[in-house]
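Only one structure is covered here, and it is reproduced in the block below.
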Amino acid sequence: MNGYRVAVVGATGQVGTLMLTLLRERAFPAREIVPFASARSVGRELEGGLVVQGLDEESIQGFDLALFSAGGSTSGEWAPRFADAGAVVIDNSSRWRMHEDVPLVVSEVNPEALAGHRGIVANPNCSTMQMVVALAPLHREAGIERLVISTYQAVSGTGKRAVEELLDQSHALLHQRDIAPPDAYAHQIAFNALPHAGLFAAGDDHTDEERKLINETRRILGDQAIRVSATCVRVPVLNGHSEAVNVQTRRNLSPERARELLAGAPGVSVLDDPSAALYPLAIDVSGRDEVFVGRIRRDPGHERALDLWIVADNLRKGAALNAVQIAEALHGRGLVQAGRAPSAA
Ligand SMILES: NC(=O)c1ccc[n+]([C@@H]2O[C@H](COP(=O)([O-])OP(=O)(O)OC[C@H]3O[C@@H](n4cnc5c(N)ncnc54)[C@H](OP(=O)(O)O)[C@@H]3O)[C@@H](O)[C@H]2O)c1
Numbered sequence: 016m017n018g019y020r021v022a023v024v025g026a027t028g029q030v031g032t033l034m035l036t037l038l039r040e041r042a043f044p045a046r047e048i049v050p051f052a053s054a055r056s057v058g059r060e061l062e063g064g065l066v067v068q069g070l071d072e073e074s075i076q077g078f079d080l081a082l083f084s085a086g087g088s089t090s091g092e093w094a095p096r097f098a099d100a101g102a103v104v105i106d107n108s109s110r111w112r113m114h115e116d117v118p119l120v121v122s123e124v125n126p127e128a129l130a131g132h133r134g135i136v137a138n139p140n141c142s143t144m145q146m147v148v149a150l151a152p153l154h155r156e157a158g159i160e161r162l163v164i165s166t167y168q169a170v171s172g173t174g175k176r177a178v179e180e181l182l183d184q185s186h187a188l189l190h191q192r193d194i195a196p197p198d199a200y201a202h203q204i205a206f207n208a209l210p211h212a213g214l215f216a217a218g219d220d221h222t223d224e225e226r227k228l229i230n231e232t233r234r235i236l237g238d239q240a241i242r243v244s245a246t247c248v249r250v251p252v253l254n255g256h257s258e259a260v261n262v263q264t265r266r267n268l269s270p271e272r273a274r275e276l277l278a279g280a281p282g283v284s285v286l287d288d289p290s291a292a293l294y295p296l297a298i299d300v301s302g303r304d305e306v307f308v309g310r311i312r313r314d315p316g317h318e319r320a321l322d323l324w325i326v327a328d329n330l331r332k333g334a335a336l337n338a339v340q341i342a343e344a345l346h347g348r349g350l351v352q353a354g355r356a357p358s359a360a
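Using my numbering, you'd call the opening residue of the sequence shown number 16 and step up by one each time.
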């Protein structure tokens with residue numbers, strides 16, 4: 016059998032489209048890629064001539080791998096069915112991330128966790144993903160005790176509908192027209208900052224996005240003792256999440272040593288010369304694979320704390336790229352087998 020048969024579920028969305036591109040660009044050893052989306056898109060022809068399929072018991076048979084980015088309810092229903100049919104599922108939604116049988120993996124941080132997979136592997140939340148790529152080398156060196164995080168999250172993190180809403184509102188306001196009632200968010204996003212990224216569950220004073228940042232960070236870094244404070248803010252940026260992170264360590268860590276560790280860390284690029292106005296910006300990192308770190312400095316309020324500015328493309332490293340890197344790691348470690356699943360036909 017030459018290569019894997021790969022399903023991409025949510026293939027018409029922002030993350031799914033990028034997963035298709037990255038599988039091709041990175042020459043993932045696939046013998047066939049089959050795109051899936053909702054009933055609305057069945058029959059649509061995508062770039063490269065791939066035709067969108069609908070999810071049903073027959074169409075999901077015979078896959079070795081299934082990359083999902085179609086929301087939590089689709090993953091809840093269909094990921095186990097793909098796994099039962101013999102595929103290893105890599106899921107971008109939050110549905111399986113805290114499930115103890117499901118490894119939650121960032122390719123540069125904890126790929127060894129893949130060995131315990133039982134058919135489903137979870138891709139972390141985008142803000143958590145980019146942050147832990149930068150924090151893992153600091154944690155290994157000095158042990159993180161506490162994090163205080165403020166995010167500045169792009170609208171692409173909400174989905175393509177939110178991107179259109181920001182553009183429509185901006186266009187209307189610049190032409191002195193009234194905007195349509197907000198739909199993707201509780202308030203107008205254009206020319207605004209919303210301290211409300213994610214959703215408030217009944218009775219919770221944190222959003223689910225903030226809870227993900229807290230819980231997933233501890234799980235990926237393998238340290239439940241890390242204390243995490245998080246405020247997630249949605250800003251009118253099209254793509255690329257920015258994060259101001261205060262990192263308090265157990266052992267002393269100088270800004271110079273942190274800069275050195277980050278410069279040598281896989282998947283990280285240091286951009287840190289504030290006197291030349293050089294620091295990572297969302298508009299520059301959009302379309303780039305790496306996680307960028309700048310403004311590395313001592314917190315004047317604490318002798319064992321540093322302040323960092325971490326920026327990455329939330330659709331790339333925050334979602335599609337890490338999913339494809341997990342597929343590559345499963346392949347490299349012999350944790351997925353081509354042709355193991357019974358054939359569809
Ligand atoms: N955006 C990010 O930065 C980011 C980061 C990490 C994780 N994620 C996760 O990735 C997923 C997708 O995000 P996105 O930004 O790509 O969203 P999106 O652009 O809105 O795309 C959603 C995709 O899901 C498909 N879909 C919706 N309902 C479906 C159903 N019932 N059955 C099958 N397919 C269905 C859509 O198909 P149609 O075109 O037919 O509607 C589309 O392909 C979400 O779970 C999100 O939480 C996103």
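Just so it is clear, CB atoms sit at the ideal spot from N, CA and C, and this is done for glycine as well.
| query | result |
| --- | --- |
| Using 8 Å as the cut-off, classify the Cβ of T89 as near or not near the heavy atoms of ligand 1, replying yes or no. | yes |
| For the stretch 268 to 338, which segments carrying the beta strand (DSSP E) assignment without a break, of at least 3 residues, lie completely within its bounds, in sequence order? | 283 to 285, 306 to 313 and 320 to 327 |
| According to DSSP, is R249 helix, strand or coil? | strand |
| Which residues share a DSSP beta bridge with E258? | T166 and I325 |
| What three-state label does DSSP hand R46 in the structure shown? | strand |
| Assuming I241 contacts L162 under a Cβ cut-off of 8 Å, what Cβ separation, rounded to an integer in Å, is found between them? | 7 Å |
| Helix, strand or coil for A54 per DSSP? | helix |
| In three-state terms, what does DSSP make of D106? | strand |
| Based on Cα-Cα distance, which residue from A259, R265 and A100 lies nearest to W324? | A259 |
| Return helix, strand or coil for A360, following the three-state DSSP convention. | In this prediction, A360 scores a pLDDT of 46, lower than 50, which makes its location untrustworthy; no coordinate-derived value is stated. |
| What's the gap between the Cα of R192 and the Cα of A22? | 44 Å |
| Where does the unbroken alpha helix (DSSP H) through R20 begin, and where does it stop? | No alpha helix (DSSP H) contains R20, which is instead part of the beta strand (DSSP E) from Y19 to V24. |
| Classify A360: buried if its beta carbon has 16 or more other beta carbons within 10 angstroms, exposed otherwise. | Any answer about A360 is weak, because its pLDDT of 46 lies below 50 and its placement is not dependable; what the coordinates show is given next. Exposed: under 16 other Cβ atoms inside 10 Å. |
| Would you check whether ligand 1 has a heavy atom nearer than 8 Å to the C-beta of C392? | The question about residue 392 has no answer here: the residues shown for the chain are numbered 16 through 360. |
| Using a 10 Å radius around the Cβ and a threshold of 16 neighbouring Cβ atoms, would you call H132 buried or exposed? | buried |
| If you draw a straight line from the alpha carbon of A292 to that of S84, how long is it in whole angstroms? | 36 Å |
| Do you know how far the Cα of A187 is from the Cα of A128? | 48 Å |
| Report the rounded CA-to-CA distance for I159 versus P281, giving the unit in angstroms. | 19 Å |
| Between P196 and A212, what straight-line distance do the alpha-carbon atoms span, to the nearest angstrom? | 18 Å |
| Return the first residue and the last residue of the alpha helix (DSSP H) that I229 is part of. | D223 to L236 |
| Over the uninterrupted beta strand (DSSP E) stretch that includes V136, give me the two end residues. | I135 to A137 |
| Run the proximity test for F51: is its beta-carbon closer than 8 Å to any non-hydrogen atom belonging to ligand 1? | yes |
| Flag V326 as yes when its Cβ comes closer than 8 Å to any non-hydrogen atom of ligand 1, and as no otherwise. | no |
| For G87 and V24, I'd like the C-alpha separation in whole angstroms. | 12 Å |
| Below 8 Å on the Cβ atoms is my contact criterion, and I expect V339 with F43 to pass it. Report the Cβ-Cβ distance as a whole number of Å. | 6 Å |
| Rounding to the nearest angstrom, what Cα-Cα distance links A149 and E72 in this structure? | 41 Å |
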